[in-house]
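Asker: This is the structure, below, for whatever I ask next.
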Amino acid sequence: MKRMVTLGLMTFVGFVVGCTNETDDTANILPQVVPDIVDTGNDDVPKQDGVPSCEGGADTNAFPGTYRFSLIDILRVGSQEKGQPTAIQLNILQSQWKVDIDEYKLNILLVVDSVVDAAATLWVGSGVGLSASELCLETQASSPTFTAEHQNKSFTFTLPQADRIYIYAQDHDGTTFNCTPDPKAPDAIPLSGVTGTATFGDNPCTLKGTITGCLSVEETKTICTCLAKCSGSQHADCPGCPAGALPLYGLLGGIQPSPECKTATGVDGFVIMVDFEAAWIGPPPTNCSE
15 MKRMVTLGLM TFVGFVVGCT NETDDTANIL PQVVPDIVDT GNDDVPKQDG VPSCEGGADT
75 NAFPGTYRFS LIDILRVGSQ EKGQPTAIQL NILQSQWKVD IDEYKLNILL VVDSVVDAAA
135 TLWVGSGVGL SASELCLETQ ASSPTFTAEH QNKSFTFTLP QADRIYIYAQ DHDGTTFNCT
195 PDPKAPDAIP LSGVTGTATF GDNPCTLKGT ITGCLSVEET KTICTCLAKC SGSQHADCPG
255 CPAGALPLYG LLGGIQPSPE CKTATGVDGF VIMVDFEAAW IGPPPTNCSE
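The sequence shown begins at 15 in the numbering used here and counts up by one.
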């Protein structure tokens with residue numbers, strides 16, 4: 015596994031349904047109920063405590079500006095939808111992402127590069143750090159810059175099919191929650207066929223919107239993931255990954271691919287659809303390697 019300085023978009027946690035791993039990985043199983051606030055016993059680990067102040071003024075002349083996802087509401091994961099009694103994996107993922115966002119293990123960043131009349135340029139990246147002011151940018155998990163329509167304080171965008179955004183997450187000890195044996199691929203969950211909207215709140219300090227993308231079935235077969243914390247035994251199909259990481263494809267057992275992903279990307283995939291809220295944290299962070 016490549017060394018990562020600390021996508022973390024973006025933890026995509028391991029799921030407990032459909033796992034066929036025969037080794038004892040009981041330490042890598044998330045309880046059915048995850049508390050809203052986790053007491054880590056470490057006062058140095060900050061919790062998300064609302065919208066950061068817009069020091070210096072975050073207005074339409076203050077771009078480039080960075081907005082960190084402070085809330086994610088998962089609407090769909092493949093054939094599972096929010097509110098379905100059988101949406102077990104979706105509900106587990108929802109609970110775990112909340113914890114990871116609160117503890118700054120999952121730092122999805124939407125960067126508004128520029129806004130000129132009806133056009134804007136944006137990109138999505140992943141931050142690493144223990145607070146909004148300490149984040150650096152995990153460069154391997156950043157999307158290309160893309161264009162968006164801008165009207166009435168709202169952005170609407172569709173990424174080119176070849177472009178991706180990445181969900182990258184990292185524990186405080188630097189262990190990545192997602193891993194691929196491919197040294198050329200980011201240790202993150204890749205989404206393609208991405209579309210979305212983002213709208214300013216009453217002031218430019220907050221953005222709210224929806225993002226939809228596709229995780230290809232084939233790529234789930236080459237990604238290993240940890241559930242909440244990397245702990246347990248080494249899986250034979252996850253060489254070079256943290257102990258306790260399990261193949262993502264097996265953890266998605268029971269979830270069916272989404273027809274719209276085949277239409278959008280040309281391959282079978284699981285749709286990932288979320289509503290989000292994001293808070294302005296300032297200009298884009300510097301690269302973690304700098």
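Every residue gets a Cβ at the ideal spot worked out from N, C-alpha and C, and that includes glycine.
Taking only runs that begin and end inside the region 188-265, name each unbroken beta strand (DSSP E) of 3 or more residues, in chain order.
Answerer: 203-214 and 220-230, all fully within the region 188-265.
Asker: DSSP three-state call for L173: helix, strand or coil?
Answerer: Residue state, collapsed to three classes: coil.
Asker: Where does I269 sit, in a helix, a strand or coil, going by DSSP?
Answerer: In this structure, I269 counts as coil in the three-state DSSP scheme.
Asker: Could you check whether P298 and V125 sit closer than 7 Å to each other, using their CB atoms as the reference points?
Answerer: The answer is yes: Cβ separation under 7 Å.
Asker: Are the beta-carbon atoms belonging to G223 and L205 less than 7 Å from one another?
Answerer: No, these two residues do not count as a Cβ contact at 7 Å.
Asker: How long is the line joining the alpha carbons of K83 and I122, rounded to whole angstroms?
Answerer: Lys is not the amino acid found at residue 83; the sequence shown has Phe there. Their backbone Cα atoms lie some 5 Å apart in a straight line.
Asker: For V65, which residues of its own chain have a beta-carbon under 8 Å away from its beta-carbon, when the five flanking residues on both sides are left out?
Answerer: Confidence is the limiting factor: at V65 the pLDDT is only 34, short of 50, which leaves the residue's position unreliable, though a coordinate-based value still follows. Same-chain partners within the cutoff: S84, C219, T220, A293 and W294.
Asker: Roughly how many whole angstroms lie between the Cα atoms of A162 and D177?
Answerer: Those two C-alpha atoms are separated by around 14 Å.
Asker: Please report the straight-line C-alpha distance between S266 and L229, rounded to a whole angstrom.
Answerer: For clarity, residue 266 is Leu in the given sequence; the question names Ser instead. So the alpha carbons of these two residues sit roughly 11 Å apart.
Asker: Answer with buried or exposed for N192, where buried requires no fewer than 16 other C-beta atoms within 10 angstroms of its C-beta.
Answerer: Buried, by the Cβ-count rule.
Asker: Taking all protein chains shown into account, decide if D116 is buried (16 or more other Cβ within 10 angstroms of its Cβ) or exposed.
Answerer: Under this definition D116 is a buried residue.
Asker: Can you find the residues in the same chain that come closer than 7 Å, C-beta to C-beta, to I179, ignoring five residues on each side of it along the sequence?
Answerer: L23, V138, S157, L205, V208 and G227.
Asker: What is the rounded straight-line gap between the Cα of V281 and the Cα of F169?
Answerer: Each residue's alpha carbon lies about 27 Å from the other.
Asker: Please return the same chain residues whose Cβ sits closer than 8 Å to the Cβ of C253, not counting the five positions on each side in sequence.
Answerer: Note on identity: in this sequence residue 253 is Pro, with Cys being the wrong assignment. Around P253: P195.
Asker: Bridge partners of V138, per DSSP?
Answerer: Note: V138 sits in a beta bridge opposite L124.
Asker: In whole angstroms, what separates the C-alpha of A7 from that of V285?
Answerer: This structure cannot speak to residue 7, because the chain is shown only from 15 to 304.
Asker: On the three-state DSSP scale, how would you describe E152?
Answerer: Of the three classes helix, strand and coil, the one that applies to E152 here is coil, per DSSP.
Asker: Measuring CB to CB, does C238 end up less than 7 Å from P273?
Answerer: The answer is no: Cβ separation not under 7 Å.
Asker: Alpha helix (DSSP H) containing S109: first to last residue?
Answerer: Looking at the DSSP string, the run of the alpha helix (DSSP H) that includes S109 is I102 to D116.
Asker: Taking 6 Å as the cut-off, does the CB of L124 come closer than this to any heavy atom belonging to the ligand NAP?
Answerer: What this structure holds is no ligand at all, so the ligand NAP is not there to describe.
Asker: Here's the rule I'm using: 16 or more other beta-carbon atoms within 10 Å means buried, otherwise exposed. How should Q154 be labelled?
Answerer: Result: buried.
Asker: Kindly give me the distance between the Cβ atoms of S145 and Y118, rounded to whole angstroms, as I take these residues to be in contact under 8 Å.
Answerer: About 6 Å separates the two Cβ atoms, so the contact holds.
Asker: Grouping DSSP H, G and I as helix and E and B as strand, with all else coil, what is A132?
Answerer: Three-state DSSP puts A132 in coil, outside helix and strand.
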